[in-house]
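Enquirer: If you count by UniProt numbering, then the sequence shown holds residues 1 to 532, one letter each, in order. C-beta atoms are modelled at their ideal positions from N, C-alpha and C, and glycine is treated no differently.
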Amino acid sequence: MTTEHATRPTTPHGPALPASITPALLGRLTALVAAAPDAARVTTTAPYTGLPLADLPVSAPEDVEAAFARARVAQKAWAATPFAERKRILLRYHDLVLARRNEALDLMQAENGKTRRDAFLEVVDIGIVSRHYARNAAKYLSPKRRRGAIPLLTHTTELRHPKGVVTVISPWNYPLSMAASDTIAALMAGNAVVQKPDTQTALTALWSMDLLHEAGLPRDVWQMVIGRGSSIGTPLMDNADYMMFTGSTATGRKIAGDAGRRLIGASLELGGKNPMIVLDDADIEKAAEGAVNACFPSAGQLCVSVERLYVAESVRDAFIAAFTARTEKLKIGAAYDFGRDVGSLTTPAQLTTVTEHVGDAVAKGATVLAGGRARPDLGPLFHEPTILTDVTPDMTVYDHETFGPVVSIYTYRDVDEAVALANATSYGLNASVWSRNGARGRAVAARVHAGTVNVNEAFAAAWGSIDAPMGGMGDSGLGRRHGADGILKYTEPQTVAHQRLQGFYPPSRISAETWTDLLTGALKVMKAIGMR
Numbered sequence: 001m002t003t004e005h006a007t008r009p010t011t012p013h014g015p016a017l018p019a020s021i022t023p024a025l026l027g028r029l030t031a032l033v034a035a036a037p038d039a040a041r042v043t044t045t046a047p048y049t050g051l052p053l054a055d056l057p058v059s060a061p062e063d064v065e066a067a068f069a070r071a072r073v074a075q076k077a078w079a080a081t082p083f084a085e086r087k088r089i090l091l092r093y094h095d096l097v098l099a100r101r102n103e104a105l106d107l108m109q110a111e112n113g114k115t116r117r118d119a120f121l122e123v124v125d126i127g128i129v130s131r132h133y134a135r136n137a138a139k140y141l142s143p144k145r146r147r148g149a150i151p152l153l154t155h156t157t158e159l160r161h162p163k164g165v166v167t168v169i170s171p172w173n174y175p176l177s178m179a180a181s182d183t184i185a186a187l188m189a190g191n192a193v194v195q196k197p198d199t200q201t202a203l204t205a206l207w208s209m210d211l212l213h214e215a216g217l218p219r220d221v222w223q224m225v226i227g228r229g230s231s232i233g234t235p236l237m238d239n240a241d242y243m244m245f246t247g248s249t250a251t252g253r254k255i256a257g258d259a260g261r262r263l264i265g266a267s268l269e270l271g272g273k274n275p276m277i278v279l280d281d282a283d284i285e286k287a288a289e290g291a292v293n294a295c296f297p298s299a300g301q302l303c304v305s306v307e308r309l310y311v312a313e314s315v316r317d318a319f320i321a322a323f324t325a326r327t328e329k330l331k332i333g334a335a336y337d338f339g340r341d342v343g344s345l346t347t348p349a350q351l352t353t354v355t356e357h358v359g360d361a362v363a364k365g366a367t368v369l370a371g372g373r374a375r376p377d378l379g380p381l382f383h384e385p386t387i388l389t390d391v392t393p394d395m396t397v398y399d400h401e402t403f404g405p406v407v408s409i410y411t412y413r414d415v416d417e418a419v420a421l422a423n424a425t426s427y428g429l430n431a432s433v434w435s436r437n438g439a440r441g442r443a444v445a446a447r448v449h450a451g452t453v454n455v456n457e458a459f460a461a462a463w464g465s466i467d468a469p470m471g472g473m474g475d476s477g478l479g480r481r482h483g484a485d486g487i488l489k490y491t492e493p494q495t496v497a498h499q500r501l502q503g504f505y506p507p508s509r510i511s512a513e514t515w516t517d518l519l520t521g522a523l524k525v526m527k528a529i530g531m532r
């Protein structure tokens, strides 16, 4: 790994915070937290340096209750706001995010530790999502004529009503994308949102909310609370009309159970142990470059990143040589510019997981082809991008999600075996297939048990196709974001059927027996002429 620039800190601990992160900005953002003036405080630290970053107020359960009460009042007026006005607000937000992208990049890097390039992809994501729902929400949610029970006599319409107040719980790994993208769809559907971002990356989430308020969204329509799930999780669930959660499978199971007991809907994007399949006809150089982009963005802290690589025997050596060479050239380090390829892990817990998974694998016989070490010389939470082979089922890294810059390479003999290996997991979030033959690649992709599968791409092709649904199968969750599914889930469908002239019961002048004969004949005719 190339690290020559990463060892030039501007403070004794690492790079100083960018000039854009001023005390005034921090004060303005932290004041947006729904918490009492005398609330307890919690301090976050910058992953690059381990130094204090932000002092945030902590919301108490009664603060959450109060936020929901305000949201319920605001939601009624927001739901009555015409789509044209919602669209105007969201498109202005789109422009503000792009115009102030450097401020967003600085906050994301300061809180998360990712590279500037990876942070910019979150800005791109929010630009695409906000534009899509601004211009398509009215189409998705407009009244739809449906076939009536009796042709010409039954006028049937499907309506869509907002759920009410949605709880959004967003993670630390993609603090802008996960804070804003799900919220955007909920808001455009006419809901209010009470959100709990992860405390570590709350500033980025608050920044996003602040910009949407500036764009014209009424303040109480989107509010944020800060705190541990053990403290405020109950009021967040008990007051929700719908739950949107992104995080671990274990927590997702609990939320699903709680939502089931309340008979409310929930959408859960959970963990993954995502595979990449390199077919024997793949372009090796492109596949190796694709593997780098699949495994190491945001230091591997990405739900859709690849942790399992399956390579055809005939191209194994060539692929490993190309992939290892590219990985060893990656620039790892801390910098608030575009000069690094791999940044820091975000929390000490993640570094512990990564080092334990790699250490366990090596102790049991795995071979390290690249990386393999923590890098405290670069900062407290850095770990080298790591490639492993000779990984066996008794190793933790084999089937447990690492959520770090670690990938294991396996070999297969034929396509059937590759698909079977890729599907040999309880997860099913994302996958990647590489082939020079697009039709062949798509055919293999269709056999992989995952909510999204990319051909000759890592994850961005499917993720960025906002018109299509994105989500997981199995232990990777339920529900979908993006496209029609991503906004319709925040609504209650209602069928309004207007019956005219005659219904299913006979008029008084016709006997029941005659009427049944008439209806039976009508049903036969409808089948014969191909009516649906």
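Which residues mark the beginning and the end of the beta strand (DSSP E) in which Ile155 is found?
Expert: Here residue 155 is taken as the residue at index 155 of the sequence shown, counted from 1. Residue identity check: residue 155 is His in the sequence provided, not Ile. Taken as a continuous stretch (DSSP letters only), the beta strand (DSSP E) holding His155 covers 154 to 162.
Enquirer: Which residue spans inside the segment 340 to 401 form an unbroken alpha helix (DSSP H) run of at least 4?
Expert: 348 to 363, 396 to 399
Enquirer: Going by DSSP, name the residue or residues bridged to Trp434.
Expert: Reading the sequence shown from its first residue, position 434 is the one you call residue 434. Bridge partners of Trp434: Val278.
Enquirer: Excluding the five sequence neighbours on either side, which residues of its own chain have a C-beta within less than 6 Å of the C-beta of Asn423, listed in chain order?
Expert: Along the sequence shown, read from residue 1 onward, the residue named residue 423 stands at position 423. Counting only Cβ-Cβ distances below 6 Å, and skipping sequence neighbours, we find His449.
Enquirer: Could you spell out where the alpha helix (DSSP H) holding Thr199 opens and where it closes?
Expert: Locating residue 199 in the sequence shown gives position 199, where the first residue counts as 1. Taken as a continuous stretch (DSSP letters only), Thr199 belongs to no alpha helix (DSSP H), as it is neither H nor E.
Enquirer: Taking all protein chains shown into account, do 16 or more other C-beta atoms lie within 10 angstroms of the C-beta of Gly451, making it buried, or fewer, making it exposed?
Expert: Locating residue 451 in the sequence shown gives position 451, where the first residue counts as 1. Classification for Gly451: buried.
Enquirer: Tell me Ser511's beta-bridge partners as DSSP assigns them.
Expert: Position 511 of the sequence shown, counted from the start, is the residue given in the question as residue 511. DSSP lists no partner for Ser511.
Enquirer: With C-beta atoms as the reference, is Asp55 less than 8 Å away from Thr22?
Expert: The residue labelled residue 55 in the question sits at position 55 within the sequence shown. The residue labelled residue 22 in the question sits at position 22 within the sequence shown. Contact flag unset, no.
Enquirer: Residues in the same chain with beta-carbon distance under 7 Å from Arg92, minus the five sequence neighbours each way, listed in chain order, please.
Expert: In the sequence shown, the residue the question calls residue 92 occupies position 92. Contacts found: Ala215, Gly216.
Enquirer: Would you call the CB atoms of Pro380 and Gly300 closer than 8 Å?
Expert: Numbered from 1 along the sequence shown, position 380 holds the residue referred to as residue 380. Numbered from 1 along the sequence shown, position 300 holds the residue referred to as residue 300. The answer is no: Cβ separation not under 8 Å.
Enquirer: Give every residue of the same chain whose Cβ lies closer than 8 Å to the Cβ of Asp281, excluding the five residues on either side of it in the sequence, and list them in chain order.
Expert: What you label residue 281 is simply residue 281 of the sequence shown in a count that begins at 1. Answer for Asp281: Ser435, Arg436, Asn437, Arg440, listed in chain order.
Enquirer: Could you pull the start and end residues of the alpha helix (DSSP H) that Met188 belongs to?
Expert: Here residue 188 corresponds to residue number 188 of the sequence shown, with the count starting at 1. Here the alpha helix (DSSP H) through Met188 covers 177 to 188.
Enquirer: Looking only at C-alpha atoms, which of Val292, Glu285, Ser426 sits nearest to Val315?
Expert: Residue mapping note: residue 315 aligns to position 315 of the sequence shown, counting from 1. Among Val292, Glu285, Ser426, the Cα nearest to that of Val315 is on Glu285.
Enquirer: What residues in its chain sit with their C-beta under 6 Å from that of Ala189, if we drop five residues either side in the sequence?
Expert: As a working mapping, residue 189 is identified with position 189 in the sequence shown. These residues qualify, in order along the chain: Pro162, Ile487, Tyr490, Thr491.
Enquirer: Rounded to the nearest angstrom, what separates Ser248 and Pro507 at their Cα positions?
Expert: On the sequence shown, position 248 is the one that residue 248 refers to. On the sequence shown, position 507 is the one that residue 507 refers to. Using only the alpha carbons, I get a separation of about 60 Å.
Enquirer: DSSP state of Met243, grouped into three classes?
Expert: Within the sequence shown, the letter at position 243 stands for residue 243. Met243 falls in the strand class under three-state DSSP.
Enquirer: Less than 8 Å separating the beta-carbons of Leu32 and Leu206?
Expert: Looking up residue 32 in the sequence shown gives position 32. Looking up residue 206 in the sequence shown gives position 206. Against a cut-off of 8 Å, the Cβ pair of Leu206 and Leu32 comes out as a contact.
Enquirer: Closest by CA to Tyr48, which one among Gly428, Asp95, Val73, Lys114?
Expert: Taking the sequence shown and counting its residues from 1, one reaches residue 48 at position 48. The shortest C-alpha separation from Tyr48 is found at Lys114.
Enquirer: Between which two residues does the beta strand (DSSP E) carrying Gly265 extend?
Expert: Counted from its first residue, the sequence shown places residue 265 at position 265. That run of the beta strand (DSSP E) goes 265 to 269.
Enquirer: Between which two residues does the alpha helix (DSSP H) containing Ile150 stretch?
Expert: Taking the sequence shown and counting its residues from 1, one reaches residue 150 at position 150. It is not in any alpha helix (DSSP H) - Ile150 carries neither H nor E in the DSSP assignment.
Enquirer: Run through DSSP, which three-state label would Val33 get?
Expert: Position 33 of the sequence shown holds residue 33. Reduced to three states, the DSSP call for Val33 is strand.
Enquirer: Going along the chain, which residues of its own chain have a beta-carbon closer than 6 Å to the beta-carbon of Phe296, five neighbours each way excluded?
Expert: As a working mapping, residue 296 is identified with position 296 in the sequence shown. The answer, listed in chain order, is Val342, Pro385, Pro405.
Enquirer: Assuming Gln494 is part of the beta strand (DSSP E), what are its boundary residues?
Expert: If you number the sequence shown from 1, residue 494 lands on position 494. Looking at the DSSP string, the run of the beta strand (DSSP E) that includes Gln494 is 491 to 499.
Enquirer: What whole-angstrom Cβ distance do Tyr310 and Pro275 have, given they're in contact under 8 Å?
Expert: As a working note, residue 310 is residue 310 in the sequence shown. As a working note, residue 275 is residue 275 in the sequence shown. Their Cβ separation, rounded to whole angstroms, is 6 Å, which keeps Tyr310 and Pro275 in contact under 8 Å.
Enquirer: To the nearest angstrom, how far is it from the Cα of Met108 to the Cα of Arg480?
Expert: Taking the first residue of the sequence shown as 1, we reach residue 108 at position 108. Taking the first residue of the sequence shown as 1, we reach residue 480 at position 480. Straight-line Cα distance between these residues: approximately 25 Å.
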